[in-house]
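The structure under discussion appears below in the form of structure tokens.
Protein chains: 2
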Amino acid sequence: MFAAPQPDIETLEPCGAPHHEDCGLRLTLDRLGEKWTVMAIAELSAGPRRYREIERALAGVTQRMLTLTLRRLERDGLVHRHVEPTNPPSVTYSLSRTGVDFARLTAGLVNWSRQ
Amino acid sequence: MFAAPQPDIETLEPCGAPHHEDCGLRLTLDRLGEKWTVMAIAELSAGPRRYREIERALAGVTQRMLTLTLRRLERDGLVHRHVEPTNPPSVTYSLSRTGVDFARLTAGLVNWSRQ
DNA sequence: CCGTATCCCAAGTGATACTG
DNA sequence: CAGTATCACTTGGGATACGG
């Protein structure tokens, strides 16, 4: 994952404490709480996408938020960003191995949320 | 679950749009993003707990945030709140059926976050 | 097409004090 | 014991405009 190792669920308690805010679980949860992350991952789980394609798929997202979301995902190793230096430029995003795992995880959330 | 039905992952896109903010997935994700929710659920997954016990388990939580968290979980049907009208009062929280399901789901998140 | 740069507001959270 | 009531702060996110 993208951060430090973490105890199991029986000793989960201190994870929210000030001195534990950088733990892996917290990073995961914070990410899930971000407004556009899961939808971006879902869209990319269907295959590589260009910036504009993702923008269209995520109805209502602003360019600012989409860029922020994708950059964070890239920083954390969940997506790859490939730039084709044409004019105008062409940028393609795709899931990394970790990103695919994450997508599987969130698919479980999606299903659970339906019933 | 605690809200409206939802399309599957292939048609997930509009879920973040203004007119879809009340969908089940969004509610689930927002809840996961809340700071103390998952830890409270984890603590309760080990058995019923009194207010003070949860407070001690969630190192760093304020009374305000703990109450807010538990009230939201109760409102959404994930935990039960049982008041024993003694003096001083004794209040016990426990997971509902749905809460147990939710705990299982988050356990997956915990494991994934560890590596 | 693919972004950056500002400005601004509302929500989530924390600190602290008080109470039946 | 199990909360409420305020206040103050920080951050995420939206609106808008501009740029290579």
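The listed protein sequences correspond, in order, to chains A and B.
So the mapping is simple: this note's numbering equals the position in the first sequence, first residue as 1, plus 183.
So the mapping is simple: this note's numbering equals the position in the second sequence, first residue as 1, plus 183.
By construction, the Cβ of each residue, glycine as well, lies at the ideal position given by its N, Cα and C atoms.
DSSP-derived helix/strand/coil call for A186(B):
Because the pLDDT at A186(B) is just 40, under 50, the model does not fix this residue reliably, and the value given afterwards should be weighed accordingly. When secondary structure is reduced to three states using DSSP, A186(B) falls in the coil class, being assigned neither helix nor strand.
From what residue to what residue does the beta strand (DSSP E) around V274(A) run?
If you look at V274(A), you'll find it in the beta strand (DSSP E) that goes S273 to L278.
Could you check what DSSP says for V283(A) in three-state terms: helix, strand or coil?
For V283(A), the three-state secondary structure derived from DSSP is helix.
Which bits of chain B does T211(A) rub up against, with CB to CB less than 9 Å?
L215, L292, V293, W295 and S296, listed in chain order.
Residues in its own chain within less than 8 Å of R255(A) by CB, not counting five upstream and five downstream?
Result list for R255(A): R214, E217 and T220, in chain order.
Closest Cα partner of H334(B) within the set L249(B), W295(B) and G282(B):
Outside the displayed range of chain B (184 to 298) lies residue 334(B), so it cannot be described from this structure.
Given that G207(B) touches chain A, what residues does it touch there, using C-beta distances under 7 Å?
Under the 7 Å cutoff, chain A gives S296 and R297.
Are L249(B) and E238(B) touching if we call contact CB-CB under 8 Å?
For the pair L249(B) and E238(B), the CB atoms are nearer than the 8 Å cut-off.
Is the CB of L253(A) under 8 Å away from at least one CB in chain B?
In terms of beta-carbon proximity, L253(A) stays away from the interface with chain B, with every pair separated by 8 Å or more.
Minimum Cβ-Cβ distance from V266(B) to chain A less than 8 Å:
V266(B) is outside the set of residues whose beta carbon lies under 8 Å from a beta carbon in chain A.
Determine whether the beta carbon atoms of L210(B) and L278(B) lie at a separation below 8 Å.
Cβ atoms of L210(B) and L278(B): not closer than 8 Å.
Out of curiosity, what's the CA-to-CA distance linking I311(A) and L212(A)?
Nothing in the structure corresponds to residue 311(A), since chain A is present only between 184 and 298.
Cβ neighbour criterion (16 or more within 10 Å) applied to S273(A):
Exposed, by the Cβ-count rule.
Straight-line CA distance for A286(B) to T289(A)?
A286(B) and T289(A) have their C-alpha atoms roughly 15 Å apart.
Can you find the residues in the same chain that come closer than 6 Å, C-beta to C-beta, to V244(A), ignoring five residues on each side of it along the sequence?
Within the same chain, V244(A) has close Cβ partners W219.
Measuring straight from C-alpha to C-alpha, what distance separates A240(A) and R297(B)?
One C-alpha to the other measures close to 31 Å.
What first and last residue would you give for the alpha helix (DSSP H) that runs through V221(B)?
It spans T220 to L227 - the alpha helix (DSSP H) in which V221(B) sits, taken as one unbroken run.
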